[in-house]
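What follows is one structure encoded as structure tokens, with my remarks underneath.
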């Protein structure tokens, strides 16, 4: 059995969560709340070091100090003009000021201001994703569906099945027209592909869930009680 | 209640115990069951083998502890392969909770292969915006990485010398239990034609196959089985190989349970008729 | 002010983000890299707000005397972790890293491992071959569940290959049909947001 107090804590918490299998209880609830606090604290610290310091504090102080030195000592940093130093400092204030508006949520009267940073994130997110999404998720996929692999008969047959499958699955999800006549037949074939696909995904999911359990049981018998 | 009925109406706690035992018992024994290495995993291995020494490669730990047993073994075995091939490894994460595993693997590899910190391997830490990070690396890594996890500035890190973007970084391996590999595929491959390989949980694997066939992913490692196949390729049997025995028995029990459930269903239906 | 400006921001920033892909030149490049840096910066601020919200909720609980002990646990662990992380280092071997490894990891991993039990019990009760469709689903799941385990390799080395074929061909076709549909949805939604047609996020 392990003598490391950390391993004991870890084992206790593992068993505390497993106790939920029996029924909900205070020990489980304690572990659950500890989890919420510890994870949020962990995220916040990682954010602090890797996001806030790296992308806000350090660049901002760097840009500000260059600008400041340019004012008090114009000969410094010969390859940067005072105007461009000022400009690059100001450019850094934009994300900061947008970001600060998140805190408007704390003041109910001004909480609508949070829409500005959200608008910023949504705008940039949609603008940047349009082209790559079209290329990667539609263009390349359609291209692959229409270009069969001829090198071997079996590859060609597979390409044909994939073509038929993709087409019929799409017709199954085509709701703008009532499923009658040929569309009904296509949709029927489509559902067969969908079911085989979902079955495969389910089989894989079973394996995934079992794997998660393996990890914990392995910890208990290997790291904690040294049975193996 | 007849004996058959009782056999077919298994209470919940019995199922719990059966599944628990199916996982527990195989872990007690050390034996190696056969395992065939399949093409999606072999493709990742072959691609890494084809890279010349010193090539920069990104290994991104985009997962949290909830998928640890599937993602951690593949992280470790992939990192080992990269180190064995003497590639320049950039470890990063797009999930804040992935930082801990990344740090762990970073330290393990550093020690096991006697690598030089920030020269052969660098841990650049966590990045908040997924799209901005992936797109940013495509322009200039200097604007994104800025410093490593420990705050050492970009210019002092030797591993970054002569490296600008995906034209130099020949491979990105993303390990995840969520949709982040798709972001890598859309932004890094879709925009910059970068080579992306994905190591994902079995839950996610099935839905990535369309992109694997179209070579938008150069290879796929799915779940613990994928990790075990990789361990076999590298002859580094470890956590995933041990787990495969349990998965095999537990899956078998699951199939039996579903068959029993169906027998009971059909018997009841016939009786009703 | 409350609606027009956010809609303008979305349109303006979104259009720049989209058009820069098609305009080649140093100006377009520098606007693009600037946008990417801003994106990182703004996103980075959001987590602070999340920490504040969590704190407020649990302080509220403490004040009302509701679930006092649990809220106390959450708050102490939250701020304890932040103090350790921000002031005492996040490297290997630090207390911060130890708590991650021995507290956060087991809690998170065990919570999700419970799913194995519930999934087994639910499949036993609900996974039935009622008609052709569900029978196909069941068969394909069985082939994968056996084929992708070592039993599959023991029975025949064709079985893992069959499981792989199911993933490579019929599964791929189904997933491709579904993902094409989703992609069209993503594109339409992005455009609607940029053009100010979709405004539910303003509510």
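Residue numbers (the numbering used here), protein chains in the order written: chain D, 109 to 336; chain A, 16 to 288; chain S, -7 to 195.
In this text, a Cβ means the ideal position worked out from N, Cα and C, and glycines have one as well.
Less than 8 angstroms between the C-beta atoms of residue 312 (chain D) and residue 295 (chain D), yes or no?
No, these two residues do not count as a Cβ contact at 8 angstroms.
Around the C-beta of residue 137 (chain A), are 16 or more other C-beta atoms found within 10 angstroms, so that it is buried, or is it exposed?
buried
For the ligand NAP, is there any heavy atom lying closer than 7 angstroms to the beta carbon of residue 180 (chain D)?
Looking at this structure, you won't find the ligand NAP or any other ligand, since it has none at all.
is_contact[residue 240 (chain D), chain A] using C-beta, thresh 8 angstroms
Closer than 8 angstroms to some Cβ of chain A, the Cβ of residue 240 (chain D) qualifies, so yes.
Measuring only between beta-carbons, confirm whether residue 19 (chain S) sits less than 8 angstroms from chain D.
Using a Cβ-Cβ cut-off of 8 angstroms, residue 19 (chain S) does not count as an interface residue toward chain D, since no Cβ of chain D sits closer than that to its own.
Shortest alpha-carbon distance to residue 125 (chain D) belongs to which of S:111, S:10 and S:106?
Distances from the CA of residue 125 (chain D) to each of S:111, S:10 and S:106 were compared; the closest alpha carbon is that of S:106.
Neighbourhood of residue 244 (chain A) by C-beta, 7 angstroms cutoff - its chain only, sequence neighbours within 5 removed
Around residue 244 (chain A): 50, 52, 53 and 56.
contact_flag[the segment 258 to 277 of chain A, the segment 27 to 43 of chain A] where n(CB pairs < 8 angstroms) is 3 or more:
yes
DSSP-derived helix/strand/coil call for residue 111 (chain S)
helix
C-beta atoms of residue 156 (chain D) and residue 68 (chain S) nearer than 8 angstroms:
no
When the Cβ atoms of the segment 207 to 217 of chain A are set against those of the segment 174 to 187 of chain A, are three or more pairs found closer than 8 angstroms?
yes
What would DSSP say about residue 82 (chain S), mapped onto helix, strand or coil?
coil
Once you ignore the five residues that flank residue 336 (chain D) on each side, which residues in its own chain have a CB closer than 8 angstroms to its CB?
329 and 330
Consider the Cβ of residue 255 (chain D): report whether some Cβ of chain S lies at a distance smaller than 8 angstroms.
no
Between the alpha carbons of residue 239 (chain D) and residue 10 (chain S), how many angstroms are there, rounded?
Cα to Cα, the separation comes out at about 7 angstroms.
Coil, strand or helix - residue 29 (chain S) by DSSP
Taken through DSSP and simplified to helix, strand or coil, residue 29 (chain S) comes out as helix.
Does the beta carbon of residue 90 (chain D) sit closer than 8 angstroms to a beta carbon anywhere in chain S?
The question about residue 90 (chain D) has no answer, for chain D in this structure spans 109 to 336.
Rounding to the nearest angstrom, what Cα-Cα distance links residue 115 (chain S) and residue 285 (chain A) in this structure?
21 angstroms
What are the boundary residues of the alpha helix (DSSP H) that residue 109 (chain D) is part of?
Taken as a continuous stretch (DSSP letters only), residue 109 (chain D) belongs to no alpha helix (DSSP H), as it is neither H nor E.
Starting from residue 6 (chain S) and walking both ways along the alpha helix (DSSP H), at which residues does that stretch end?
Its alpha helix (DSSP H) spans residues -4 to 11.
If I follow the unbroken alpha helix (DSSP H) through residue 219 (chain D), where does it start and stop?
Residue 219 (chain D) -> no alpha helix (DSSP H), and no H or E assigned at all.
How long is the line joining the alpha carbons of residue 73 (chain S) and residue 149 (chain D), rounded to whole angstroms?
5 angstroms
In chain A, which residues lie less than 8 angstroms from residue 87 (chain S) when you measure between Cβ atoms?
Per Cβ cutoff of 8 angstroms: no residues; residue 87 (chain S) is ~13 angstroms from chain A at best.
Quick check on residue 103 (chain A): does DSSP put it in helix, strand or coil?
Here residue 103 (chain A) sits in strand by DSSP.
Look at the Cβ atom of residue 104 (chain A), then the Cβ atom of residue 139 (chain A), and state whether they are nearer than 8 angstroms.
Going by C-beta atoms, residue 104 (chain A) is not nearer than 8 angstroms to residue 139 (chain A).
By the criterion of Cβ-Cβ separation under 7 angstroms, what are the contact partners of residue 164 (chain S) in chain A?
224, 225 and 228
Completely contained beta strand (DSSP E) runs for the segment 161 to 214 of chain A, where each covers 3 or more residues:
186 to 191
Buried versus exposed call for residue 215 (chain A) [16 or more other C-beta atoms within 10 Å across all chains shown]:
buried
Start and end residues, alpha helix (DSSP H) containing residue 140 (chain A):
Premise fails: residue 140 (chain A) lies in the beta strand (DSSP E), 136 to 141, not in any alpha helix (DSSP H).
Quick one: is residue 122 (chain D) near chain S, going by C-beta distance under 8 angstroms?
yes
List, in order along the chain, the chain D residues whose C-beta lies closer than 9 angstroms to that of residue 125 (chain S)?
299, 300, 302 and 303
Neighbour-count burial assignment, residue 97 (chain S), 16 or more Cβ in a 10 Å radius
buried
Quick one: grab the DSSP three-state call for residue 72 (chain A).
strand
Quick one: any contact between the segment 130 to 145 of chain S and the segment 267 to 282 of chain A, if contact means 3 or more CB pairs under 8 angstroms?
yes
Taking all protein chains shown into account, do 16 or more other C-beta atoms lie within 10 angstroms of the C-beta of residue 20 (chain A), making it buried, or fewer, making it exposed?
Residue 20 (chain A) is exposed by the Cβ-count criterion.
Less than 8 angstroms separating the beta-carbons of residue 179 (chain S) and residue 307 (chain D)?
no
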